[in-house]
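Undergrad:
2 protein chains.
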Amino acid sequence: MAVPEAVTTALRLVDEDGLDSLTMRRLAAALDVQAGTLYRHFATKQTLLAAMAEEMLAGCAGPLPDGLTWREQITELAGRLRMALLRHRDGARVHAGTHSVGPNTLSYTDTLVGVLRETGLSPEAATRTALTIVHFIVGHTLEEQAAQALAESTELPATLTLLHAALDPGTYPNLAAAEATLTSTDFVGHFAHGLNLIIKGLAGE
Amino acid sequence: MAVPEAVTTALRLVDEDGLDSLTMRRLAAALDVQAGTLYRHFATKQTLLAAMAEEMLAGCAGPLPDGLTWREQITELAGRLRMALLRHRDGARVHAGTHSVGPNTLSYTDTLVGVLRETGLSPEAATRTALTIVHFIVGHTLEEQAAQALAESTELPATLTLLHAALDPGTYPNLAAAEATLTSTDFVGHFAHGLNLIIKGLAGE
DNA sequence: ACCTGAACACCGTTCAAGT
DNA sequence: ACCTGAACACCGTTCAAGT
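Keeping their order, the protein sequence lines are chains F and S.
Start counting the first sequence at 33; every next residue gets the next number (the working numbering).
Start counting the second sequence at 33; every next residue gets the next number (the working numbering).
Set out below in structure tokens:
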């Protein structure tokens, strides 16, 4: 049993059945090994999840095309992280639930901080801004994948009805006006809006 | 057994031992009841968690003091949500893992969208901006509480050493410059920086 | 109407013993 | 050195039967 295969197999299992169905026993079975054997390679399930989170970020810090403005560089890097999380079912949850210090994760942050420093920000401001961007991406993608999961579940009609019923204009006047946007599935648009807000804030400094 | 007591007891158990230790059986024992009894009041554990998330937001949408600028109103509302999540151990994880459509959650979003509309934003722009702010808060607080948990765990020295060792200026030049900020515990400062970036972006529209 | 007792089908993790 | 087999101490959820 090799560690890299175990990690990619674990990601495949998550893609097939969701994070809640990933168990050490199921992974062991998929690798044709006893459950206990996994603990020779991963100290705990958390360690396995961190390795999965790290693997998901492969390529995210790759070289940026030449000739991009700093705005485009930030947009490109942010888009890559979002896509990396979206590529696997429950990817944002896997990422948010762990704290990887592997090379993919580290070089992604390094690259993002670098782009921000080139705009003239101090190391501290660049780091805080990078954190802001990453936190927004993770929060956004968590929500995006939760919406995806809900859309595929049987609870969708019930939730939508409940939401719609709650949207009494007398009680929640702004929510009534927001309903179309809240129930829209234009996550690309939502993501771009949020990221542009942050980028615009940056330009104002 | 009453539902409100069950929810507050569940939150107390989370505060004492963390979210991973909250089980239906432990909660049942704390309520002096059999585990099966809980399923008469909550269809699944997810339902219980959603009720806990909803309870955490009590008061968050309360009236804003008079005379605040819109910037101050946004800052006040954002700070309330962050504080509500911080008030309970693993609060951000509880919130992020559920999708409440209860009155506390709905009226919080309603209030935030309302403040943003008053700045002149369209319903769509106001809604998207509210989502951006909430996603940032959730992403930030998830990280903040993960750092808290790490700080209280025995893995802290190992992680810090690993991180420091990885910070070779030749490999990660920007991370080396970012280390002080990345390892700082000034989460109030980080939060203010991110939120101000978004608010500044808003002012530019 | 509400709760108990007991079961079903699982978990993560550990560790002696085998090869 | 690496894996198996088996166990330990749990899980979420269901449901007949009691009161």
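Yeah, the Cβ is synthetic: ideal placement off N, Cα and C, and Gly gets one too.
In this text, all values refer to a predicted model and were calculated from it rather than measured experimentally.
1. Leaving aside the five residues before and after L70 (chain S) along the sequence, list all residues of the same chain whose C-beta is less than 6 Å from its C-beta, in chain order.
2. Quick check on the burial criterion: 16 or more other C-beta atoms within 10 angstroms. Buried or exposed for M244 (chain S)?
3. Can you tell which of F:T159, F:E176, F:A162 and F:T161 has the C-alpha that lies nearest to the C-alpha of H31 (chain S)?
4. Could you check whether the Cβ of D52 (chain S) sits closer than 7 Å to any Cβ belonging to chain F?
5. For A38 (chain S) and T101 (chain S), I'd like the C-alpha separation in whole angstroms.
6. If we define contact as Cβ-Cβ less than 7 Å, is I230 (chain F) a contact residue for chain S?
7. Between L227 (chain S) and D122 (chain S), is the Cβ-Cβ spacing less than 7 Å?
8. Closest by CA to V220 (chain F), which one among F:R72, F:L118, F:V35 and F:A85?
9. Any chance you could list the alpha helix (DSSP H) runs of at least 4 consecutive residues sitting entirely within the segment 154-228 of chain S, in chain order?
10. Output the boundary residues of the alpha helix (DSSP H) element that contains A38 (chain S).
11. From the DSSP output, in three-state form, read off S132 (chain S) for me.
12. With DSSP run on the structure shown, which of helix, strand or coil describes D142 (chain F)?
13. Using a C-beta cutoff of 7 Å, does R160 (chain S) count as contacting chain F?
14. H127 (chain F) CB to nearest chain S CB: under 7 Å?
15. Rounded to whole angstroms, how far is the Cβ of T41 (chain F) from the Cβ of A82 (chain F), which I believe are closer than 8 Å?
16. Nearest CA to the CA of P95 (chain S): which residue from S:Y140, S:A158, S:A62 and S:M84?
17. Look at the alpha carbon of V145 (chain F) and the alpha carbon of L89 (chain S), and state the distance between them as a whole number of angstroms.
18. Go ahead and label E237 (chain F) buried or exposed: buried means 16 or more other beta carbons lie within 10 angstroms of its beta carbon, across all protein chains shown.
TA: Here's the rundown:
1. Counting from 1 along the second sequence, the entry for residue 70 (chain S) is found at position 38. Here the set comprises M56 and A60.
2. No information on residue 244 (chain S) is available, as it lies outside the stretch 33 to 237 that chain S covers here.
3. The first residue shown for chain S is 33 and the last is 237, placing residue 31 (chain S) beyond what the model contains.
4. On the second sequence, position 20 is the one that residue 52 (chain S) refers to. So, not an interface residue.
5. For the purposes of this step, residue 38 (chain S) is taken as residue 6 along the second sequence, with counting starting at 1. For the purposes of this step, residue 101 (chain S) is taken as residue 69 along the second sequence, with counting starting at 1. C-alpha separation (whole angstroms): 40 Å.
6. The sequence position of residue 230 (chain F) within the first sequence is 198, counting from 1. Yes, I230 (chain F) counts as interfacial toward chain S.
7. Counting from one through the second sequence, the residue named residue 227 (chain S) turns up at place 195. Counting from one through the second sequence, the residue named residue 122 (chain S) turns up at place 90. For L227 (chain S) and D122 (chain S), no; Cβs fall outside 7 Å.
8. Along the first sequence, one-based indexing puts residue 220 (chain F) at 188. The residue with the shortest Cα to Cα distance from V220 (chain F) is F:L118.
9. 155-184, 188-198 and 205-215
10. Translated into the one-based positions of the second sequence, residue 38 (chain S) becomes position 6. Segment V35 to D49, the alpha helix (DSSP H) holding A38 (chain S).
11. For the purposes of this step, residue 132 (chain S) is taken as the residue at position 100 of the second sequence. The answer is coil: DSSP assigns S132 (chain S) none of H, G, I, E or B.
12. For the purposes of this step, residue 142 (chain F) is identified with residue 110 of the first sequence, where counting begins at 1. D142 (chain F) falls in the helix class under three-state DSSP.
13. Counting from 1 along the second sequence, the entry for residue 160 (chain S) is found at position 128. Yes, its Cβ sits closer than 7 Å to a Cβ of chain F.
14. Translated into positions along the first sequence, residue 127 (chain F) becomes position 95. Closer than 7 Å: no.
15. In the first sequence, counting from the first residue as 1, residue 41 (chain F) sits at position 9. In the first sequence, counting from the first residue as 1, residue 82 (chain F) sits at position 50. So it is not a contact: roughly 16 Å between Cβ atoms.
16. On the second sequence, position 63 is the one that residue 95 (chain S) refers to. Minimum Cα distance to P95 (chain S) is reached at S:Y140.
17. Here residue 145 (chain F) corresponds to residue number 113 of the first sequence, with the count starting at 1. Here residue 89 (chain S) corresponds to residue number 57 of the second sequence, with the count starting at 1. In a straight line, the C-alpha of V145 (chain F) is about 34 Å away from that of L89 (chain S).
18. The count along the first sequence starts at 1 and reaches residue 237 (chain F) at position 205. Legend: pLDDT at E237 (chain F) = 48, less than 50; position of this residue unreliable, no value from coordinates given.
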